[in-house]
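Student: In UniProt numbering, the protein residues as written are 1 to 206. The beta-carbon is built from N, C-alpha and C at its ideal position, and this holds for glycine as well. Sharing a structure here in structure tokens format.
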């Protein structure tokens with residue numbers, strides 16, 4: 001699996017490479033330090049991890065150019081930038097998500113796995129904001145119909161537990177947890193675990 005890491009700080013590139021190795025020890029990792037380099041290297045990768053602020057372009061212009069150069073390759077933006085308007089604008093470009101630079105290695109690894117599986121990773125606060133921007137202002141809080149077991153799985157997800165940890169706690173098979181997770185994501189209308197937790201909290205489910 002080929003992974004492109006774009007960040008102008010060597011320490012961050014090293015940290016991101018470490019997270020990638022936790023997901024795939026045999027990953028073929030390419031590192032660059034600017035938007036122009038990232039655009040040139042983009043084709044042919046399974047995932048691109050990209051800093052939001054790098055030499056060669058402004059954040060919006062740089063990510064837009066990278067999105068065009070990368071074709072269908074998912075782009076996970078790693079950022080310390082907290083401007084909601086900018087992040088939502090980038091999300092509209094088709095970015096596969098955002099990960100704050102302050103997160104733990106475990107969260108970074110989980111975000112990488114999620115995006116590689118076709119999901120979108122958003123911090124809960126941004127997930128709520130994104131959802132609120134797409135809903136009519138007068139829309140009542142959604143009413144979700146989750147089974148008792150799905151609620152238990154959701155509670156485990158909200159606590160940050162892995163599929164295996166939830167399975168052990170509930171004395172069920174990991175495959176069963178995955179099935180319940182897929183069902184509750186569909187019911188809530190979320191594309192990933194983080195968004196499901198954010199929307200569930202907004203609806204008063206947890």
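(1) So, helix, strand or coil for residue 159, using DSSP?
(2) Taking all protein chains shown into account, do 16 or more other C-beta atoms lie within 10 angstroms of the C-beta of residue 137, making it buried, or fewer, making it exposed?
(3) What did DSSP end up calling residue 100 once you bin it into helix, strand or coil?
(4) Are residue 88 and residue 79 touching if we call contact CB-CB under 9 Å?
(5) By a C-beta neighbour count over all protein chains shown, 10 Å radius and 16 as the cutoff for buried, is residue 9 buried or exposed?
(6) On a Cα-Cα basis, can you pick out the residue from 18, 45, 122 that is closest to residue 70?
(7) With a cut-off of 8 Å, do at least 3 Cβ pairs link the region 91 to 98 to the region 3 to 17?
(8) For residue 112 versus residue 32, is the C-beta distance shorter than 9 Å?
(9) Quick check: what's the CA-CA separation for residue 56 versus residue 37?
(10) Check each candidate in 101, 190, 156 and name the one with the smallest Cα separation from residue 14.
(11) Measuring CA to CA, which of 160, 165, 174, 166 is closest to residue 197?
(12) Three-state secondary structure (DSSP) at residue 202?
(13) Under the rule that 16 or more other beta-carbon atoms within 10 Å means buried, what is residue 28, buried or exposed?
(14) Name the one or two DSSP bridge partners that residue 110 has.
(15) Please report how far the alpha carbon of residue 181 lies from the alpha carbon of residue 25, in whole angstroms.
(16) Where residue 168 and residue 58 are concerned, what is the direct C-alpha to C-alpha distance, given to the nearest angstrom?
(17) Between the Cα of residue 151 and the Cα atoms of 205, 122, 106, which residue gives the shortest distance?
(18) Assuming the contact rule is C-beta atoms closer than 8 Å, residue 3 and residue 52 should be a hit. Round their C-beta distance to whole Å, please.
Tutor: In this structure, then:
(1) Per DSSP, reduced to three states, the secondary structure at residue 159 is coil, with no helix or strand assignment.
(2) Because the pLDDT of residue 137 is 47, which lies under 50, any placement of that residue in the model is unreliable, and the question is left without a value.
(3) Residue 100 falls in the strand class under three-state DSSP.
(4) Cβ distance not < 9 Å, so residue 88 and residue 79 don't count as in contact.
(5) Per the 10 Å Cβ criterion, exposed.
(6) For residue 70, the closest C-alpha among the options 18, 45, 122 is that of 45.
(7) As far as the Cβ criterion goes, the region 91 to 98 does not touch the region 3 to 17, which means the pair count is below three.
(8) No; because the gap between Cβ atoms is not below 9 Å, this pair is not in contact.
(9) One Cα belongs to residue 56, the other to residue 37, and the distance between them is close to 9 Å.
(10) It is 101.
(11) Considering only alpha carbons, the answer is 160.
(12) Correct three-state label for residue 202: helix.
(13) The residue in question, residue 28, is exposed, as its Cβ has fewer than 16 Cβ neighbours within 10 Å.
(14) For residue 110, which the question treats as bridged, DSSP gives no partner whatsoever.
(15) Across the structure, residue 181 and residue 25 are spaced so that their CA atoms are roughly 27 Å apart.
(16) Their Cα atoms are separated by approximately 46 Å.
(17) Across the set 205, 122, 106, the C-alpha of 205 shows the shortest separation from the C-alpha of residue 151.
(18) Wrong, their Cβ atoms sit about 18 Å apart, outside the cutoff.
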